[in-house]
Each structure stands twice: as structure tokens, then as C-alpha cells.
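Below: the structure, in C-alpha cells.
2 protein chains.
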Amino acid sequence: MKFRALAIVVLVLVSCASARADDALPSWNDGPAKQGILAFVARVTKADGPDYVKPEERIAVFDNDGTLWTEWPLYTQAVFALDRVKELAPKHPEWRKRQPFKAALSGDVKTLAESGAKGLNEIVGATHAGETPEEFQAQVSQWLATAEHPKFKAHYDRLVYQPMLELLAYLRANGFKTFIVSGGGLEFMRAFAERVYGVPPEQIVGSSIVTKYEVRDGKPALKREAKVAFIDDKAGKPVGINQFIGRRPIAAFGNSDGDFQMLEWTTAGAGPRFGLIVHHDDAAREAAYDRGSPVGRLERGLDEAGKRGWALVSMKNDWKTVFPPQR
Amino acid sequence: MKFRALAIVVLVLVSCASARADDALPSWNDGPAKQGILAFVARVTKADGPDYVKPEERIAVFDNDGTLWTEWPLYTQAVFALDRVKELAPKHPEWRKRQPFKAALSGDVKTLAESGAKGLNEIVGATHAGETPEEFQAQVSQWLATAEHPKFKAHYDRLVYQPMLELLAYLRANGFKTFIVSGGGLEFMRAFAERVYGVPPEQIVGSSIVTKYEVRDGKPALKREAKVAFIDDKAGKPVGINQFIGRRPIAAFGNSDGDFQMLEWTTAGAGPRFGLIVHHDDAAREAAYDRGSPVGRLERGLDEAGKRGWALVSMKNDWKTVFPPQR
């Protein structure tokens, strides 16, 4: 009898270990969100099933800020821009008296936000233009290697969501092509997306500024100009998806109302579709915000996720961990 | 001795057959162009060689009109637009008296060309806007299935270049990601590029018109508007490459001066680079044109290919066949 009990224990341990090894989403608690993801992927990959989707049509789109990495208390690219303003300020003494730079230099985010599109254009022009895309990406990389998040005391590119990294890898392992579709800057994201998310530069859709081609002294170069070309947010997301991808995705992942139209467009297509919203309800491990928040405002998505059949992920309850182990 | 001679003959025959089976570019005559392609691919794929390029950086860009399919005597998309004007004319009696429509209806290509950007915008607005991208692509597909080239008496999507189809497949078999970068319309090309070239919609860079997202009666849709958004030609090509691909290609293939900057940008990068221009010098099998031609004008490329190290392909001498066997 003793031997038999031991055998059962061993069997149970082995089967647990095997279940864990098979679990492609180990940082997700077993709940409706995780089950929904697994069931959807099983449906579209079952070769003789009624909902089979050919690999080339397995397009999954992910928002970035608040969906793949933290956007709280301020969008990371905005933190970068403010740091750049401070860095460049000694060369621009006039900024100390001129908005929106004065607000940027004093960290007055409220006045900055009130400066609207015009203010944004001025800040973008001063901090994101004038260089080649390669030079700009090098600046971003250098900033990411040094800047530290005020609360989490970690580099921003370590403040990505471990459960979402697992989801990206799981979808790719199942023949999906994963794209980022973000309101953030195209070239800003290209500085880290391949290294951090495994998403190559040609699979990133984002906001962009006008870029010009010029040949100086026989050497050709691209130059970033101080003019916004495209804002990849809200109704701009389906437009960006169509422009860059040219196929309606079958799965979309977001967190704010800026992603609403992307989820709407994705899930309104024929056949099996999947929409998911990450709800930031985890004040202890990250932050809790939705309605009325200045970053990642989520109102319509919260009201309509249920009736539209979109999974609503509770960071607090659905995620075992939020960030990867910090180095 | 007889037996030995027979053995040698058999050996020679077997080795010839094997050489032929190994030839990934059977429609290319053995000359500097073919040798240049083979040598370049061997260099960048040799894992322990000094010029090895990682697969994710093996980006190859192809112009479409005149490089992958015929553009003579008139760009295929222009033929489509003129056919659409004729089809829509009964609903627009005013067109019979108004330029550029009057010229389009009478086939007066010269007057049409003289109507410039304004005329082009009007024709594009009348023939390329108002629908969803899916509806527009369905129109293009239907047109391709019925329209016939005036000289070659074949559907336009059969007038692709067999040697270039082999080249696309050969590069992909060697880990390259192949993109189309064309002055032609993004959605026009998406109607056939995957089926004909094996290039998926997300690997096409092209000219585009403004597209808007709208929800009508709860049903979301994209709508094509009568406004040109981006012209992917000349200096626009490196800009489009940067916007969509975000990596400088290592190989570029074109045929006209509209491709000059794309080849210049590609081959000015560090490390091994390859540029190739298809020269239309084959009046017997297709057409002979370069300097001063209204389609696919090639002047600067012809003058500078040599000193820039770009391969200049003679359709007449370098290609065994031009088009695939017609059905």
C-alpha cells in the first residue's frame, strides 16, 4: 500500500509538472479571460474545424501604452519628450518664458495638457524632429537605458506586462502575425519593440510625423520634420490598420477608449473574432484608473465590453504577476 | 571502352539534369545579371561569412509597373481608370463636355497627361473613391478577370515577368522578406499581389488616397475619399519604405527613374547591397523604351547604373522568356 500511495503521489506530481510545462500563459490566473483566449486560439487553429482560419489571416493587433507596458502616471513617450525639453533647454533660453515649454520645464502637466494640439505640435517639433529616424531611435534607446520610472524605480522598457509578453509569444506560436497599433510614435516604438516584444519594425503601426528624403554631398538621408502626419488613435486605428496591414485583424487587444474603434472594427468582421480590454484596477501592483482618467481613459469600453462580447481583463484578479522579474 | 564512354555520357547527362534542377532562375540567361544575383545571395546567407545578414534584415523591395509586370503602352492602373470612366459615363452626361473626362472618354491620352496632377486627382476621385477598400478591390479583381491587353491579348495579371517571379521565389527561399514599393495604388495592387506574386497585403507599399472610418446603422466601414494622401514615387519611395518597413532594404529592383531614389537609398547603406534595373530593350517580345518615354522613363538610371554598381538587365539578352506560358 505504501508503494501504491507513493506511486500515485509521483503520478500526480508528474502530471502537475506537465500541466505547468504545457501552460503557455503561466502568469494568467485560470478565469474567463484566459479560458476565452485559449478557446479562441483552439477554434481558429483546428484544421478541420468550422472556424479554421488560414495562418496568413491570423492577424492580431495590440495597442501599446497601457496594454503592453505601463502608461501611468504619464505616457512614457510624454516623459521622454519632457526630459528632452529639459535637456535642450540650455540652448533655448526663450523657453523659460514661452508656453508650452515653460510648463514642460516646470513639470506643469495640467497647463501642458491644456495647450492642446498646438502645444503638442510645438513639443513634438522641438523634441522629435530635425534628425534622421536612425538618430532619433538612438536618442530613444539611450533614454530608455537611463531614465527611471518615479514609482517603480525601473527602466521603462522593463515595465512591460509579463502576461501580455506570454500572450504575444503564444499567439505567434500558433501561427499569428502580431502587430502593434498604437497612438504612440512609430519611430519611438521601433527603438525597442523588436528587442522587448519580438515585434519587427515592419509590424508596427503608429502616429508619425512628416519625413523627407534628401541627398546632401552625395549622401542620401531621411529627415524628420516638425509636422504631424498621422495620429493613430481612435477612428485613426482602423485607418492605420487598413493602410499598413490591409487585412482586418481577427483579434484585438487594448485598454482605453482610444482602442474602441480598433476592437469594434476587428470584432465586426465575419467568422471567429476576439476582443480584449485590459482594465487597470490594480492599485497595489500598478495603478487603478478608468473613467475620467487623464491617461488611458476607459469609459465606453467599460460600458459596452459585455454586450459586444469583449473580454474584460482585471489586472488584479486575472494576472498572477504584472511585470517581469526586474534585474 | 564502349561501356566507359556510355558511363561518361550518363554521368554528364545526370549532372546536367541536376544542374538544371538546382537552377532557381531558369528563365535567366547565364550572364552578369544572373551571376550578380546568385553571388549576392550567396554572400549574405553564408552563416560564417564576413557579409552575413540576419534573416530579419534581408529586406528586398520591388517596383511593380515595368519591373514585375508590363506597363506598356500605358500603366495598367491607368487603363483600369479609363475603363471605369467609360463604364460610369452613362451616369455622368456632363463628362462628355468636361476635361479631363472628355479626353478619357475619347482615349486622348496626350490631353489627359497634360491635365497634370489636377486632372489625375479628378480621374482618381471619380474612379477610385466612394467605396470601401473591399468593394474597390472586388472591382479591380473583376476588371482583371475580363480586360485584355491590346497587343498581347491576355489578361493583365498574366503579363507578369516570369524571370522576376522566379527571383521573388528565390529570394524568399533564401530567407528574404519581399516587399512591393510602387507608385501604383496600394489597394489596386492588393487585389492581385498575393495571388500573383505571393506578396501579402501587409508587404505592399504604394500610393494611397485618404480613407475614413465611419459607423452607419451600427455597422463599421472604411470609406475611400476623393483625395490623394501619398504618392509613392521618386523621393517618396524611401519615405514610404521608412514609413511601412522601417528598415533599409539590402536589395532593390526597379526599371524607371521613379525607382532611382529607392535604389540610391538601398545601395547607400553599409554592408552588402544589391541594386538592379530592368531595361526594356525587347521590342520583339515586349517593348523597347527608355529615354523620353511617357511610361517608365529611364534616363538617370541608365546613365548612372554603371558607376553606382547597379546591375542593368537587358530583357532581350538576359531573359530566356518574358511572360509565363499563357493559359
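As you go down the protein sequences, you meet chains Z and R in turn. Residues 1 to 327 (the working numbering) make up the first sequence, in order. Residues 1001 to 1327 (the working numbering) make up the second sequence, in order. By construction, the Cβ of each residue, glycine as well, lies at the ideal position given by its N, Cα and C atoms. A quick note: this is a predicted structure, and the numbers were derived from the prediction, not measured.
- When the five nearest sequence neighbours on each side are left out, the beta carbons in the same chain lying within less than 7 Å of the beta carbon of Arg96 of chain Z are those of Lys102 and Leu105, in order along the chain.
- By the 16-neighbour rule on beta-carbons within 10 angstroms, Pro294 of chain Z is exposed.
- A check of alpha carbon separations from Gly31 of chain Z across Z:Phe323, Z:Met315 and Z:Ala138 identifies Z:Met315 as the nearest.
- Residue pairing from DSSP places Asp281 of chain Z in a beta bridge opposite Z:Ala288.
- In terms of CA proximity to Arg248 of chain Z, R:Pro1220 leads the group R:Ala1193, R:Pro1220 and R:Ile1180.
- Considering only Z:Gly66, Z:Thr45, Z:Ala24 and Z:Lys46, the residue with the shortest C-alpha distance to Ile180 of chain Z is Z:Gly66.
- The C-beta of Glu1114 of chain R has fewer than 16 other C-beta atoms within 10 Å across all chains shown, which makes the residue exposed.
- In terms of Cβ geometry, Gly258 of chain Z and Asp282 of chain Z do not form a close pair [threshold 9 Å].
- Between Ile277 of chain Z and Trp310 of chain Z a beta carbon distance of about 6 Å is seen, short of the 8 Å cut, so the two are scored as contacting.
- Taking the Cα of Ser1208 of chain R as reference, the smallest distance to any Cα among R:Val1140, R:Arg1158 and R:Ala1129 is reached at R:Ala1129.
- Around the beta carbon of Val140 of chain Z, 16 or more other beta carbons lie within 10 angstroms, which makes this residue buried.
- Near chain R, meaning a CB-to-CB distance below 7 Å, the residues of the segment 242-255 of chain Z are Asn242, Gln243, Phe244, Ile245, Gly246 and Arg247.
- Beta-bridge annotation (DSSP): Ile180 of chain Z is paired with Z:Phe62 and Z:Ile204.
- Taking the Cβ atoms as the reference, Val1041 of chain R lies roughly 5 Å from Asn1174 of chain R, within the contact range of under 8 Å.
- In this structure the segment 145-157 of chain Z touches the segment 72-82 of chain Z; the number of beta carbon pairs closer than 8 Å is three or more.
- The straight-line gap separating the alpha-carbon atoms of Leu1088 of chain R and Val1228 of chain R is approximately 20 Å.
- Membership of Arg98 of chain Z in any alpha helix (DSSP H) is not indicated, and neither H nor E is assigned to it by DSSP.
- For Phe323 of chain Z, there is no enclosing beta strand (DSSP E), since its DSSP letter is neither H nor E.
- Pairing Ser1027 of chain R with Leu1165 of chain R, the inter-Cα distance amounts to about 10 Å.
- With respect to Pro1272 of chain R, Arg1043 of chain R sits close: the two C-beta atoms are nearer than 9 Å.
- Rounded to the nearest angstrom, the gap between the Cα atoms of Ile204 of chain Z and Gly240 of chain Z is 10 Å.
- According to DSSP, Gly275 of chain Z shares a beta bridge with Z:Ala252.
- Cβ proximity to chain R below 9 Å picks out nothing from the segment 74-105 of chain Z.
- In the three-state DSSP reduction, Tyr213 of chain Z falls in the strand class (E or B).
- Here Glu57 of chain Z has Arg247 and Ile250 as same chain residues with Cβ atoms under 8 Å from its own Cβ, once five neighbours each way along the sequence are excluded.
- Using a Cβ-Cβ cut-off of 8 Å, Ala1268 of chain R is close to Lys219 and Pro220 of chain Z, given in chain order.
- Phe323 of chain Z has its alpha-carbon roughly 15 Å from the corresponding atom of His279 of chain Z.
- Contacts with chain R at 9 Å (Cβ-Cβ) include Gln261 of chain Z.
- Chain order gives the chain R residues near Glu264 of chain Z as Pro1220, where near means a beta carbon separation below 7 Å.
- With a cutoff of 9 Å on beta-carbon distance, Ser1182 of chain R and Gly1206 of chain R are scored as near each other.
- Cβ atoms of Leu74 of chain Z and Val124 of chain Z stay farther apart than 8 Å, at about 16 Å.
- The beta-carbon separation of Glu1187 of chain R and Gln1243 of chain R, rounded to 16 Å, does not stay under the 8 Å limit for a contact.
- Annotated as distal: Thr211 of chain Z and Val61 of chain Z, with beta-carbon spacing of 9 Å or more.
- Arg1216 of chain R is classed as exposed because its beta carbon has fewer than 16 other beta carbons within 10 Å across all chains shown.
- According to DSSP, residue pairing for Trp1069 of chain R in a beta bridge involves R:Asp1065 and R:Val1160.
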